[in-house]
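Protein sequences appear in the order of chains Z and A.
So the mapping is simple: the numbering used here equals the position in the first sequence, first residue as 1, plus 67.
So the mapping is simple: the numbering used here equals the position in the second sequence, first residue as 1, plus 314.
All C-beta atoms, glycine included, are put in the ideal place defined by N, C-alpha and C.
So the structure is just underneath, and the comments pick up after that.
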Amino acid sequence: MAIVNLQNVTYKYPLTDSPALQNINLQVNEGEFVAVIGPNGAGKSTLCYTIAGFVPHFFKGAITGTVEVAGNESSKSSLHEWVLNVGLAFQNPFNQISGAKYTVYEEIAFGLENIGVPRDEMITRVEDALKLTGISDLADRSPYSLSGGQQQRVALTSILVMQPKVLVLDEPTSQMDPIGTREVFGVIRTMAEKGMTVILVEHKVEWIAQFADRVIALHEGQILLEGKPQEVLTSDLLREKDFGISRYTSTARKAQEMGLWKKDILPVTLDEAVEGFAPTTSTGSVHRLLSPEGRGKK
Amino acid sequence: MRIEISNLYFTYPTGVEALRGISLTIELGEQVAIVGQNGSGKTTLVKHLNGLLRPTSGEVRIGEWDTQEHSVAKLARRVGYVFQNPDEQLFSKNVGMEVAFGPKNLGYNSEQVQGQVKDALAMTELSDKTETNPYDLSPTWRKMVALASIISMDTDIVIFDEPTTGQDAVNVARIANVIKALRERGKTVITITHDIDFCAENFERVIALSQGKVLLDGKANEVLGQEEILATTYVDPPQLTRLGKRLGFKETVRNPEEFLAALKK
Numbered sequence: 068m069a070i071v072n073l074q075n076v077t078y079k080y081p082l083t084d085s086p087a088l089q090n091i092n093l094q095v096n097e098g099e100f101v102a103v104i105g106p107n108g109a110g111k112s113t114l115c116y117t118i119a120g121f122v123p124h125f126f127k128g129a130i131t132g133t134v135e136v137a138g139n140e141s142s143k144s145s146l147h148e149w150v151l152n153v154g155l156a157f158q159n160p161f162n163q164i165s166g167a168k169y170t171v172y173e174e175i176a177f178g179l180e181n182i183g184v185p186r187d188e189m190i191t192r193v194e195d196a197l198k199l200t201g202i203s204d205l206a207d208r209s210p211y212s213l214s215g216g217q218q219q220r221v222a223l224t225s226i227l228v229m230q231p232k233v234l235v236l237d238e239p240t241s242q243m244d245p246i247g248t249r250e251v252f253g254v255i256r257t258m259a260e261k262g263m264t265v266i267l268v269e270h271k272v273e274w275i276a277q278f279a280d281r282v283i284a285l286h287e288g289q290i291l292l293e294g295k296p297q298e299v300l301t302s303d304l305l306r307e308k309d310f311g312i313s314r315y316t317s318t319a320r321k322a323q324e325m326g327l328w329k330k331d332i333l334p335v336t337l338d339e340a341v342e343g344f345a346p347t348t349s350t351g352s353v354h355r356l357l358s359p360e361g362r363g364k365k
Numbered sequence: 315m316r317i318e319i320s321n322l323y324f325t326y327p328t329g330v331e332a333l334r335g336i337s338l339t340i341e342l343g344e345q346v347a348i349v350g351q352n353g354s355g356k357t358t359l360v361k362h363l364n365g366l367l368r369p370t371s372g373e374v375r376i377g378e379w380d381t382q383e384h385s386v387a388k389l390a391r392r393v394g395y396v397f398q399n400p401d402e403q404l405f406s407k408n409v410g411m412e413v414a415f416g417p418k419n420l421g422y423n424s425e426q427v428q429g430q431v432k433d434a435l436a437m438t439e440l441s442d443k444t445e446t447n448p449y450d451l452s453p454t455w456r457k458m459v460a461l462a463s464i465i466s467m468d469t470d471i472v473i474f475d476e477p478t479t480g481q482d483a484v485n486v487a488r489i490a491n492v493i494k495a496l497r498e499r500g501k502t503v504i505t506i507t508h509d510i511d512f513c514a515e516n517f518e519r520v521i522a523l524s525q526g527k528v529l530l531d532g533k534a535n536e537v538l539g540q541e542e543i544l545a546t547t548y549v550d551p552p553q554l555t556r557l558g559k560r561l562g563f564k565e566t567v568r569n570p571e572e573f574l575a576a577l578k579k
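Laid out in structure tokens, this is it:
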């Protein structure tokens, strides 16, 4: 059942002429992990703000169509009711950190304090969340003394601790090291498997391919493509419209032109690339040596 | 203009020991990428190069200048630093003024300022945006303004702190072009990055930091091939390097050309 339901949503920021989102129709099921990709300016962050209620409640502007989450309609709800269902982690963690708290531990507890969660429950939830995202050892540090990637983990944790039905993440790993990114994707995947609905904006397509159920490609405020990760992420259309694509995909495409990639579908992940490039016999490069292209050019 | 760092230690006032004995030399005209896990000391290290931070012990020299003995303002003649977040460094009412601020402040005459500004704007593809307020531009273009405002100072050494964060493919290519242009002019470029594929495709030397120390330092192909050691500082080798390894290539490949050449063999 769709927990997020956008019908014909068009939105213009105040004082702008062209819509940031245009005629968006999007249904996301409970527990689904949807990734949103697109070049800068495609409307990815605006879509996040819309699902999270910041559009139109905070940014104002003109919105048409309907935005529903868990059966409530955004235009008929207040932002403070809305945030109980939807949590948003901003692109820049500096914008997320409250500035009102001295330690990471207190920062994570801040949202729970605001909604009046009892002290004992608050402690359990904060400690569980810190453990989940692997930052228990940062609990006593000031949020401002942390590196960018560490701050992003704090921002994510401060949303997870609220246990929203829908988690909206705007490039949550942009400042993280690669293995940290993989860990955080693992955490997000686990949350989705436990029933949390995840909508994630991300440039790192090889991770999307491994973790997301569905990919939405946004371009100039409209949905250009949607479908299974490998279908969308290897589409020729993405290359034409300046989307970021995996090195595995772009290199296999070149190899295909040279006759060195034989499969119909292009790879997005390492495993898919290995499978497609590996020689058909287990002993090595017989297949490649015999291919006419390889022989001709060597 | 050689950079010489010897036995550098740095402890923040909070007691966090961020750098623990770093020694390295970077020659004029080198293109160096610094990689390593969050909190490994990358930003702390580069902030020592323009004097934003001073060693707790050890020494940092920019040419013959010891950074302990010179002000940030003076070091700015030799070292330009582009912050990770452009919004921390932009303040002027239009792009032209923003980009002219640095060289004016360094005391260049108006002809020189004009020339350097024009050059920096061309390099960052901003020539048609001089009259625009930086905050009316998209974050992507604001990033380019931040780059231009440092490049216009024409320093021998330019530092980029995570230039590709949050940038789309088109802008990452633009940033790679800027780095290439600086290389052609003989500038030293030092870049902190988590984008290991960007690192592999644009830098000849890679330094991996771990827990405030140098873990690896060498030619990109040598460093990026060391999967197990890199994993200790939370870095994965580039995509095509990993693919080459899995396919049993003997050499370390790090870009599509090298990969396809090895594949044909």
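Exercise for review: Compare the C-beta of Ala176(Z) against all C-beta atoms of chain A and say whether one is closer than 7 Å.
Suggested key: no
Review point. The region 436 to 466 of chain A: which residues have C-beta closer than 8 Å to a C-beta of chain Z, in chain order?
Key: Ser452, Pro453 and Thr454
Practice item. Have a look at the DSSP bridge pairing and note the partners of Ala156(Z). Key: Leu236(Z)
**Study point:** Run of the beta strand (DSSP E) containing Ala375(A), from where it starts to where it stops
**Key:** Note that residue 375(A) is Arg in the sequence shown here, rather than Ala. Run containing Arg375(A): Ser371 to Ile376, per the beta strand (DSSP E) assignment.
Practice item. Out of Gln89(Z), Val265(Z) and Ser214(Z), point me to the one whose CA is closest to Val330(A)'s CA. Key: Val330(A) has its Cα closest to that of Ser214(Z), out of Gln89(Z), Val265(Z) and Ser214(Z).
Check your understanding: Leaving out the 5 sequence neighbours to the left and right, which residues in its chain are closer than 7 Å to Gln219(Z) when beta-carbon positions are compared?
Key -> Pro160, Pro239, Thr240, Gln242 and Met243
Review point. Rounded to a whole number of angstroms, what is the C-alpha to C-alpha distance between Val459(A) and Ala69(Z)?
Key: 42 Å
Review point. Can you give the beta carbon distance from Ser313(Z) to Val335(Z), rounded, assuming they're within the 8 Å contact cut?
Key: 5 Å
Review point. List, in order along the chain, the chain A residues whose C-beta lies closer than 7 Å to that of Gln158(Z)?
Key: Gly480
Review point. If you measure from the beta carbon of Asn107(Z) to each beta carbon in chain A, is any gap under 7 Å?
Key: yes
Review point. Within 7 Å (strictly less), CB to CB, does Pro245(Z) reach chain A?
Key: yes
Exercise for review: Pull out every residue of the region 81 to 108 of chain Z whose Cβ sits closer than 9 Å to any Cβ of chain A, in chain order.
Suggested key: Gly105, Pro106, Asn107 and Gly108
Check your understanding: Which residues in the same chain have their Cβ closer than 6 Å to the Cβ of Phe278(Z), if we skip the five residues on either side of it in sequence?
Key -> Phe252 and Arg256
Check your understanding: What is the DSSP secondary structure of Gly132(Z), counted as helix, strand or coil?
Key -> DSSP places Gly132(Z) in strand when its eight states are reduced to three.
Practice item. Assign Ile317(A) to one of two classes, buried (16 or more other C-beta atoms within 10 Å of its C-beta) or exposed (fewer than that). Key: buried
Review point. Hey, would you say Val386(A) sits closer than 7 Å to Gly365(A), going by beta carbons?
Key: Yes, they are a contact pair.
Check your understanding: How many angstroms separate the CA atom of Ala390(A) from the CA atom of Asp468(A)?
Key -> 10 Å
**Study point:** Neighbouring residues, chain Z, relative to Glu476(A) (Cβ below 8 Å)
**Key:** Gly215 and Gln242
Review point. How about Ser354(A) and Thr547(A): do their beta carbons lie closer than 7 Å?
Key: yes
Review point. Which residues bound the alpha helix (DSSP H) around Thr113(Z)?
Key: In the DSSP annotation of this structure, the continuous segment of the alpha helix (DSSP H) that includes Thr113(Z) starts and ends at Lys111 to Ile118.
**Study point:** Length of the line joining the Cα atoms of Thr381(A) and Leu404(A)
**Key:** 25 Å
Exercise for review: Following the continuous beta strand (DSSP E) through Thr83(Z), name the residue where it begins and the one where it ends.
Suggested key: Thr83(Z): not part of any beta strand (DSSP E); DSSP gives it neither H nor E.
Review point. Among the residues of its own chain, which have a CB less than 6 Å from the CB of Arg362(Z), if the five just before and after it don't count?
Key: Residue confidence is low: Arg362(Z) scores 32 on pLDDT, short of 50, so the model does not pin down where it sits. No coordinate-derived value is stated.
Review point. Is there a Cβ from chain A that is less than 7 Å from the Cβ of Asp309(Z)?
Key: yes
Point to revise | For Gly343(A), three-class secondary structure by DSSP | key: coil
**Study point:** the ligand SAH heavy atom lying under 6 Å from the CB of Gly355(A)
**Key:** Of the ligands one can find in the structure shown there are none, so the ligand SAH has no counterpart to examine.
Exercise for review: Leaving out five residues on either side along the sequence, give the residues of the same chain with a beta carbon under 6 Å from the beta carbon of Thr505(A).
Suggested key: Once the five neighbours on either side are set aside, the close Cβ partners of Thr505(A) are Ala347 and Phe474.
Check your understanding: How many whole angstroms separate the CB atoms of Asn352(A) and Gly132(Z), which I take to be in contact at a CB cut-off of 8 Å?
Key -> Actually they are not in contact, since the Cβ atoms of Asn352(A) and Gly132(Z) sit about 39 Å apart, beyond 8 Å.
Check your understanding: When the Cα of Gly480(A) is compared with those of Gly500(A), Asn491(A), Ser452(A) and Thr502(A), which residue comes out closest?
Key -> Ser452(A)
Check your understanding: For Gly562(A), is the classification buried or exposed, using 16 other Cβ atoms within 10 angstroms of its Cβ as the cut-off for buried?
Key -> Flag for Gly562(A) reads exposed.
Review point. DSSP three-state call for Tyr323(A): helix, strand or coil?
Key: strand
Check your understanding: Nearest to Gln430(A) by alpha carbon, out of Asn399(A), Pro448(A), Tyr449(A) and Ala462(A)?
Key -> Ala462(A)
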